[in-house]
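Everything below concerns the one structure shown next.
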Ligand SMILES: NC(=O)c1ccc[n+]([C@@H]2O[C@H](COP(=O)([O-])OP(=O)(O)OC[C@H]3O[C@@H](n4cnc5c(N)ncnc54)[C@H](O)[C@@H]3O)[C@@H](O)[C@H]2O)c1
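And the structure:
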């Protein structure tokens with residue numbers, strides 16, 4: 012099995028690459044080669060099969076020919092500019108999240124072997140007048156350019172699947188917390204930094220109140236779900252290949268309490284509570300409650316507690 016990861020230098024791309032390297036198989040067969048592409052060359056990953064890393068911009072269709080001429084069997088399309096960046100720069104978001112996604116799907120078409128293609132859509136697909144609790148089959152109503160670009164990708168994924176150009180599976184990822192490294196341009200960035208930075212000894216601002224609810228999932232869980240997405244029988248999704256990925260709802264305050272339970276009280280003391288109208292406007296438009304019955308039926312997993320997430324962060328990611 013040949014696998015390709017776009018956005019392979021990013022947070023989830025690197026975690027997925029390491030998980031696949033450790034596993035060595037996908038769809039019941041050995042992985043024979045893996046390619047990671049990103050705007051800058053992704054960090055190298057060790058495995059007992061060859062892994063190549065390349066600087067390739069998905070908004071340039073010519074560069075994709077190189078990646079798809081190898082006829083990957085499984086593609087994870089994770090490259091994107093995140094919500095805050097796509098909102099701040101419409102042209103950039105359209106170029107990467109919309110045109111770049113179309114280029115990746117066209118790459119799969121060019122390959123001609125109908126690869127399994129796992130597409131990272133987003134919870135930002137939901138918003139506006141949608142009900143408080145999101146159920147499957149609801150009309151999508153994104154309220155950001157990022158969410159809109161992701162939803163257009165979902166429709167293209169369905170159509171390219173219907174035409175047997177690829178075998179698509181789209182996951183609307185909840186906010187993935189706790190993200191390691193540095194704060195990024197996602198509007199939800201604070202949902203990681205109030206845990207990550209404070210456990211690493213730094214201050215962090217929370218722009219929403221303690222009772223603000225968040226639909227979220229842990230990095231370990233989402234990586235397992237990204238792998239599972241490739242292995243589920245495609246037809247089991249139905250004609251809409253995009254699902255609300257299971258996650259869990261907790262208030263910011265409950266998540267902080269879970270951090271305190273696992274890590275101790277000093278991290279919470281480093282949190283400041285200054286409101287930020289720009290972030291607040293975006294994240295208050297997101298939904299926090301979901302009944303992801305299709306995702307559960309298809310075997311996607313959810314987290315049991317945020318305390319687990321904190322423990323996994325301490326095991327996998329904390330900068331010491
Ligand atoms: N992390 C989350 O909370 C979350 C939530 C919902 C959806 N998602 C989606 O999951 C995917 C992965 O997210 P992540 O958290 O790893 O983000 P990330 O920003 O860490 O990774 C995305 C990668 O895409 C790369 N990229 C951007 N423009 C590119 C281009 N033109 N060509 C090639 N690569 C390009 C970036 O350099 C980056 O390494 C994204 O599609 C994101 O929209 C993430």
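In our numbering, the protein residues as written are 12 to 331. Just so you know, even glycine gets a beta-carbon here, dropped at the ideal spot from N, CA and C. Please read all numbers here as calculations on a predicted model, not as lab measurements.
Under the three-state reduction of DSSP, residue 255 is assigned to strand. Its chain contains 175, 176, 177 and 178 as the residues whose beta carbon lies nearer than 7 Å to that of residue 125, once the 5 sequence neighbours on both sides are disregarded; these appear in chain order. Boundaries of the beta strand (DSSP E) around residue 87: 85-88. Contact fails between the segment 202-213 and the segment 158-169, because fewer than three Cβ pairs, one in each stretch, are under 8 Å apart. Annotation for residue 192 indicates a beta carbon at 6 Å or more from all heavy atoms of ligand 1. Per DSSP, reduced to three states, the secondary structure at residue 36 is strand.
Contact fails between the segment 245-252 and the segment 273-281, because fewer than three Cβ pairs, one in each stretch, are under 8 Å apart. By the 16-neighbour rule on beta-carbons within 10 angstroms, residue 157 is buried.
At a cut-off of 6 Å, the beta-carbon of residue 219 does not count as near ligand 1: no heavy atom of the ligand is closer than that.
Annotation for residue 330: 211 place their beta carbon closer than 7 Å to its own, counting only its chain and skipping 5 residues before and after. Taking all protein chains shown into account, residue 98 has 16 or more neighbouring C-beta atoms within 10 Å of its C-beta and is therefore buried. The C-alpha of residue 259 lies about 36 Å from the C-alpha of residue 78.
Listed in chain order, the non-local C-beta contacts of residue 251 below 7 Å within the same chain comprise 169, local neighbours out to five positions each way being set aside. Taking each of 153, 216, 291 and 191 in turn and checking the Cα distance to residue 231, the smallest one comes out for 191. In this structure residue 183 is not in contact with residue 262, their Cβ atoms being roughly 21 Å apart against a cut-off of 8 Å. Collapsing the DSSP output to three states places residue 65 in a strand. Of the candidates 93, 104, 254 and 117, 93 places its Cα closest to the Cα of residue 197.
Residue 119 has its CB no nearer than 6 Å to any heavy atom of ligand 1.
Rounded to whole angstroms, the gap between the alpha carbons of residue 65 and residue 127 is 21 Å. Cβ neighbours of residue 21 within its own chain (closer than 7 Å, five residues either side excluded): 49 and 89.
Look at the segment 149-192 and you find these whole runs of alpha helix (DSSP H), each 4 residues long or longer: 156-173. Residue 34 and residue 286 have their C-alpha atoms roughly 43 Å apart. Pairing residue 306 with residue 254 gives a Cβ-Cβ distance under 7 Å. Closer than 6 Å to some heavy atom of ligand 1: that does not describe the Cβ of residue 206. Residue 115 is classed as buried because its beta carbon has at least 16 other beta carbons within 10 Å across all chains shown. Your pair residue 296 and residue 160 does not check out as a contact, with CB atoms roughly 16 Å apart and the cut at 8 Å. The closest heavy atom of ligand 1 lies 6 Å or more from the beta carbon of residue 247. In the structure shown, residue 99 adopts helical secondary structure according to DSSP, grouped into three states.
Following the DSSP letters along the chain, one finds residue 13 inside the beta strand (DSSP E) bounded by residues 13-17. Annotation for residue 239: the continuous alpha helix (DSSP H) segment containing it runs 230-242.
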